[in-house]
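Heads up: the sequence shown begins at 256 in my numbering, then just goes up one per residue.
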Amino acid sequence: MTSRRHKAGAEDGFTLIEVLVASVILAVALFSLLTTFDYARSETAGSEQAAQAIRVGEQELERLLAVPYNSLAEDSTATSPTLCTQRTSIAGSYASGTAVATSGAAVTPTRTWSVTRMGTTASARGCVYDFVRWVDDPTCPDASCPGAEDYKRLTVVVSVTGTNGAALPGGPAKPVVVSAIKANPRIGPGNTTGNSSPCLLTSGCG
Numbered sequence: 256m257t258s259r260r261h262k263a264g265a266e267d268g269f270t271l272i273e274v275l276v277a278s279v280i281l282a283v284a285l286f287s288l289l290t291t292f293d294y295a296r297s298e299t300a301g302s303e304q305a306a307q308a309i310r311v312g313e314q315e316l317e318r319l320l321a322v323p324y325n326s327l328a329e330d331s332t333a334t335s336p337t338l339c340t341q342r343t344s345i346a347g348s349y350a351s352g353t354a355v356a357t358s359g360a361a362v363t364p365t366r367t368w369s370v371t372r373m374g375t376t377a378s379a380r381g382c383v384y385d386f387v388r389w390v391d392d393p394t395c396p397d398a399s400c401p402g403a404e405d406y407k408r409l410t411v412v413v414s415v416t417g418t419n420g421a422a423l424p425g426g427p428a429k430p431v432v433v434s435a436i437k438a439n440p441r442i443g444p445g446n447t448t449g450n451s452s453p454c455l456l457t458s459g460c461g
């Protein structure tokens, strides 16, 4: 009889306390797993958005470099999209100097961009800020070059934002910035025809 009661006791299930402890441990483990997964997904999304912004910036810079020198200027009459409100602060950080701007010029200063996934959902979006600034070449005297307007610096700044224009959580902390100099075709290089510095081709240089 004693042996039978011992066998029956050994087959008893878990106690309520044991079930509760196991449930708490399982919940903590699942929460940690979900947190790690969400962080990894956020980091992946941020890297993808940054890569797309880089591609947008490089393509835009290539497009600007293909514009003829004399036509390369910001359209001073263009208005910025509602979501793109950072042009002034971005100019102070990445594109200081005198703007090359005229009414109806070839360069639209500010526009939006987006990359769609599966044809409908934008996986990344933001604003493109184009800046055209005059560059003064210190090696070219004003008498030989056109004053302080020797070359044009092109700067493209691409930001990544949400649908409301605010920065995306987990997205790139800073905008993508690419820049290049557009040479003035009227200025010849120095040290090629006996000239010690660059000078205007129309003034005997070249």
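Using N, Cα and C, we set each Cβ at its ideal position, and we do this for glycine too.
Measure the CB-CB distance between residue i and residue j and report whether it falls below 8 angstroms.
i: L281; j: L409; result: no
i: V355; j: A321; result: no
i: I345; j: P440; result: no
i: T365; j: R342; result: yes
i: Y406; j: V432; result: no
i: A361; j: S326; result: yes
Consult DSSP for residue i and reduce its assignment to one of helix, strand or coil.
i: L409; result: strand
i: S335; result: coil
i: T371; result: strand
i: E404; result: coil
i: S358; result: coil
i: V383; result: strand
i: A328; result: coil
i: T340; result: coil
i: V322; result: coil
i: R366; result: strand
i: A350; result: coil
i: R310; result: helix
i: A435; result: strand
Take the Cβ of residue i as the centre, count every other Cβ of all protein chains shown within 10 Å, and call the residue buried at 16 or more, exposed below.
i: Y384; result: buried
i: Y324; result: exposed
i: A308; result: buried
i: S414; result: buried
i: C286; result: Note on residue identity: the sequence assigns Phe, not Cys, to residue 286. When all chains shown are included, F286 counts as exposed.
i: T416; result: buried
i: E273; result: exposed
i: E315; result: buried
i: L275; result: exposed
I'd like the list of long-range same chain contacts for residue i, defined as Cβ closer than 6 angstroms, with 5 residues on each side in sequence excluded.
i: G459; result: Residue confidence is low: G459 scores 48 on pLDDT, short of 50, so the model does not pin down where it sits. Its coordinate-derived value is still stated next. Counting only Cβ-Cβ distances below 6 angstroms, and skipping sequence neighbours, we find nothing.
i: C339; result: T365 and C382
i: A295; result: Because A295 sits at a pLDDT of 45, beneath the cut-off of 50, its placement in the model cannot be relied upon, and the point is left open.
i: A333; result: T363 and P364
i: F386; result: A350 and T410
i: I436; result: Y406 and R408
Ordered along the chain, which non-local residues of its own chain (more than five positions away) have a Cβ less than 7 angstroms from that of residue i?
i: T357; result: A328 and S331
i: T353; result: R388 and W389
i: G544; result: Residue 544 lies beyond the residue range present for the chain, which begins at 256 and ends at 461; the question has no answer from this structure.
i: T270; result: none
Which same chain residues end up closer than 8 angstroms to residue i when comparing Cβ atoms and leaving out the 5 residues on each side of it in sequence?
i: T367; result: P336, L338, C339, R380, G381, C382 and V383
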